[in-house]
Amino acid sequence: MNYNTDILPLLKNYIGMELESLSGRSNIFVNNVDISGLSLTCADGKPFTESHRRAKIVFEKLLEEEVVHVDAALENSGSRRNIPETLLANLPFIEFGKVNNRQHLFLQEEDTHELGTLKQRME
Numbered sequence: 045m046n047y048n049t050d051i052l053p054l055l056k057n058y059i060g061m062e063l064e065s066l067s068g069r070s071n072i073f074v075n076n077v078d079i080s081g082l083s084l085t086c087a088d089g090k091p092f093t094e095s096h097r098r099a100k101i102v103f104e105k106l107l108e109e110e111v112v113h114v115d116a117a118l119e120n121s122g123s124r125r126n127i128p129e130t131l132l133a134n135l136p137f138i139e140f141g142k143v144n145n146r147q148h149l150f151l152q153e154e155d156t157h158e159l160g161t162l163k164q165r166m167e
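So in our numbering the end of the sequence shown lands on 167, straight run, no missing numbers.
In structure tokens form, the structure reads like this:
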């Protein structure tokens, strides 16, 4: 799988959708997606522009290890760290769950839920 050829087209399907965050408190609304990034409205009502850089870093780490703690993969970088996590977790082949009481994303071999929804991994 490749971020630019496989994931970016899926992210474009988010346009006009509100994506639930893992906490349920930091949902994001996707206004636009293009090759340069995403135009979002965050739960606080403020517009935010996100490049693909952080989501791509997390996705590539997920491909390597099949499980990733987003903050660790991003080395705690920047504000609104939940955005890459939310974007990826809402893909149909990524689930979320806890490892050592910390939220992680898990890559699945096949779709386990609908695009734009979350699925918590059964422990």
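Backbone N, C-alpha and C define an ideal beta-carbon position, used for all residues, glycine too.
Fair warning: this is a prediction, and the values are worked out from it, not measured in the lab.
Alpha-carbon spacing of residue i relative to residue j, whole angstroms
i      : j      : result
Pro136 : Glu119 : 25 angstroms
Leu131 : Asn144 : 23 angstroms
His113 : Val77  : 24 angstroms
Pro91  : Thr85  : 4 angstroms
Glu141 : Ala117 : Reading the sequence as shown, one finds Gly at residue 141 and not Glu. Each residue's alpha carbon lies about 16 angstroms from the other.
Asn57  : Thr156 : 17 angstroms
Gln147 : Asp50  : 24 angstroms
Asn71  : Asn126 : 9 angstroms
Glu94  : Gly81  : 6 angstroms
Lys105 : Ala99  : 10 angstroms
Rounded distance between the beta-carbons of residue j and residue i, thought under 8 angstroms
i      : j      : result
Leu54  : Leu159 : 7 angstroms
Asn213 : Ser65  : Residue 213 falls outside the range modelled here, since the chain spans only 45 to 167, and no answer is possible.
Val102 : Phe150 : Incorrect: roughly 12 angstroms between the Cβ atoms, too far for contact.
For residue i, three-class secondary structure by DSSP
i      : result
Leu132 : helix
Asp88  : coil
Glu104 : helix
Residue i CB to nearest heavy atom of the ligand GTP below 6 angstroms
i      : result
His148 : With respect to the ligand GTP, the structure shown offers nothing to examine, as it has no ligands at all.
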